[in-house]
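Per our numbering, the sequence shown starts with residue 3, numbered consecutively.
C-beta atoms are modelled at their ideal positions from N, C-alpha and C, and glycine is treated no differently.
Shown next, in structure tokens, is the structure this report addresses.
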Amino acid sequence: MTTISIMRASATTVAYVAGTGRPRGRVRPVGTVPRRGGGTLTRFLALAGSFAVVLLVFFFAVRPWYLQWGATDEEARRPLAGDEVVRNAAGQETRAITIHAGVERVWPWLAQLGQDRGGFYSFDLLENLVGCDMPTDDRLRPDRQSWQVGDKLWMYPPDRAGGAGFATLRSYVPGHALGFGTRAVGTPLSAPEDGSWAFYLDSIDPSTSRLIVRGRGAPGRSLLGVVFDRAIFEPVHFVMERRMMIGVKQLAEGGDRQRVLNHAHVALWTVTFACLVVAAVLVIRRKHWQRPLAGFVAAAALFQLLTLGQPPVMLGAALVAVLCSGRWWAGGSSPARRPAVRGAPARRHRTSPRVLHGQRAGPVSN
Numbered sequence: 003m004t005t006i007s008i009m010r011a012s013a014t015t016v017a018y019v020a021g022t023g024r025p026r027g028r029v030r031p032v033g034t035v036p037r038r039g040g041g042t043l044t045r046f047l048a049l050a051g052s053f054a055v056v057l058l059v060f061f062f063a064v065r066p067w068y069l070q071w072g073a074t075d076e077e078a079r080r081p082l083a084g085d086e087v088v089r090n091a092a093g094q095e096t097r098a099i100t101i102h103a104g105v106e107r108v109w110p111w112l113a114q115l116g117q118d119r120g121g122f123y124s125f126d127l128l129e130n131l132v133g134c135d136m137p138t139d140d141r142l143r144p145d146r147q148s149w150q151v152g153d154k155l156w157m158y159p160p161d162r163a164g165g166a167g168f169a170t171l172r173s174y175v176p177g178h179a180l181g182f183g184t185r186a187v188g189t190p191l192s193a194p195e196d197g198s199w200a201f202y203l204d205s206i207d208p209s210t211s212r213l214i215v216r217g218r219g220a221p222g223r224s225l226l227g228v229v230f231d232r233a234i235f236e237p238v239h240f241v242m243e244r245r246m247m248i249g250v251k252q253l254a255e256g257g258d259r260q261r262v263l264n265h266a267h268v269a270l271w272t273v274t275f276a277c278l279v280v281a282a283v284l285v286i287r288r289k290h291w292q293r294p295l296a297g298f299v300a301a302a303a304l305f306q307l308l309t310l311g312q313p314p315v316m317l318g319a320a321l322v323a324v325l326c327s328g329r330w331w332a333g334g335s336s337p338a339r340r341p342a343v344r345g346a347p348a349r350r351h352r353t354s355p356r357v358l359h360g361q362r363a364g365p366v367s368n
């Protein structure tokens, strides 16, 4: 009886496929769906390839731009006070900004840089999230603007991180230049300094000045250290340093550095990065992965623009809204249905009771 039941079920399936107009031949087992969009390996390779393209654009187009942000070719080549800290540098970055205020008005804000002085005028929300405990009130502190060679520029509280969060003043031109010796991430305090971070004020005229910031690194970094510096430390450092330079400009010109807008920037970065992660997960997990992949690429490009380019908040918010409304996160579309013709009766397929019971239908007599 079991064999007969199986034969009847098979005949019923074949007859049903024939009755509904599906092509004859191999019948898909019940409960399975067709494979669409490739397997996990295909999706992973597509995601990795897209990420590789994003990295190539970053290293060959974006990185050269931010290494010399705001600086002229002449400023990037000229020797500055503080270069002597690292004489034979393996890498150098020079950035500059024009400030519509005389050097004597800019220097007091620059001279009180430091965690234990006036802060760094940057994204203090991020700094304090990682425990930097930066001051948030923007005011001049005359008692914290004096320097001597050998003094420490604290970037992290002295009682945290093993007391390693500092740079040491090695070059000093009062009213014009501060040059600090630094250590790269992973360099112990017992080792010589292998980097420099210098600030130089150049007078253009009595009411205009140029703030030039230069960083230099000594040779000898390991391959892993070079990868870390270029892929992580450099862009993060630029994001914070750029905002610091803009903050000095805003304060020296008598304005406010707009901390609320800085917080809004951080919020937009967070939303965009969340979209980036969600899109990557959807590419791996969904069979219909093409739209999430497009969302991943768009989120990666937008994240670079928002963090490194730092457009106005309203423009950034509009771009994030466009990203979130792109529906790359939505599920795959349902199969298209043939539209019904108005006024035409719907066709119905009727199956003979004998076919449903696995019996061959005989010819119909007139």
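A distance below 8 Å between beta-carbons, with the five flanking residues on each side excluded, links Met157 to the following residues of its chain, in chain order: Gly116, Gln117, Phe122, Cys134, Gly167, Phe168, Ala169. Taking 8 Å as the upper bound for CB-CB distance, Leu155 and Phe182 are in contact here, some 5 Å apart. Nearest Cα to Pro81 within the set Phe235, Phe305, Lys289, Arg218: Arg218.
At least 8 Å separates the beta-carbon of Trp111 from that of Val315.
The beta carbon of Gln70 sits closer than 8 Å to those of Ala78, Glu95, Thr96, Arg97, all from its chain and outside the five residues before and after it, given in chain order. With respect to the 8 Å criterion, Leu49 and Ala282 are classified as neighbours on the basis of their beta carbons. With fewer than 16 other CB atoms across the displayed protein chains lying within 10 angstroms of its CB, Phe61 is exposed. Counting along the chain, Arg287 sits inside the alpha helix (DSSP H) bounded by residues 261-287. By alpha-carbon distance to Asn90, the top candidate from Asp196, Gly227, Leu43 is Asp196. DSSP lists Ser211 as the bridge partner or partners of Ser205. Of Ser198, Thr184, Glu255, the smallest CA-CA separation from Ile99 is found for Glu255. With contacts defined as CB atoms closer than 8 Å, Arg244 and Gln312 qualify as a contacting pair. Apart from sequence neighbours up to five positions away, the residues of its chain that approach Gly120 with a beta-carbon distance below 8 Å are Trp111, Gln114, Pro137, Asp140, Arg141, Leu142, Arg143, Arg146, ordered along the chain. Looking at Phe53, His265, Asp75, the one whose alpha-carbon comes closest to that of Gly318 is His265. Contact between Leu225 and Ala200 does not hold, since their C-beta atoms are separated by about 27 Å, which reaches or exceeds 8 Å.
Under DSSP, Arg244 takes part in no beta bridge, so it has no partner.
In this structure, Leu284 lies away from Leu304, with their beta-carbon atoms at least 8 Å apart.
Inclusion of Gly104 and Ser211 in the CB contact set at 8 Å is warranted, their separation being smaller than that value. When DSSP states are grouped into helix, strand and coil, Val175 belongs to the strand group. The straight-line gap separating the alpha-carbon atoms of Asn130 and Pro237 is approximately 19 Å. Among the bridge pairs identified by DSSP, Thr100 is matched with Arg212. Within the model, the alpha-carbon separation for Leu263 versus Gly41 is close to 44 Å. Collapsing the DSSP output to three states places Ala186 in coil. Here the alpha carbons of Arg259 and Ala332 stand approximately 40 Å from one another. Lys154 is bridged by DSSP to Thr170. Here the alpha carbon of Met246 sits roughly 45 Å from the alpha carbon of Lys289. Nearest Cα to Ala54 within the set Gly257, Arg329, Val299: Val299. DSSP places Asn130 inside the alpha helix (DSSP H), whose first and last residues are 126-131. For Ala200, DSSP records a beta bridge to Gly181, Arg216. Taking 8 Å as the cut-off, the beta carbon of Ala302 is found closer than this to the beta carbon of Leu278. The Cβ atoms of Leu308 and Thr274 lie closer than 8 Å to each other.
By the Cβ-count criterion, Leu213 is buried, with 16 or more other Cβ atoms from all chains shown falling within 10 Å of its own Cβ. Residue environment: Asp126 is assigned as buried (16 or more neighbouring CB atoms within 10 Å of its CB, all protein chains considered).
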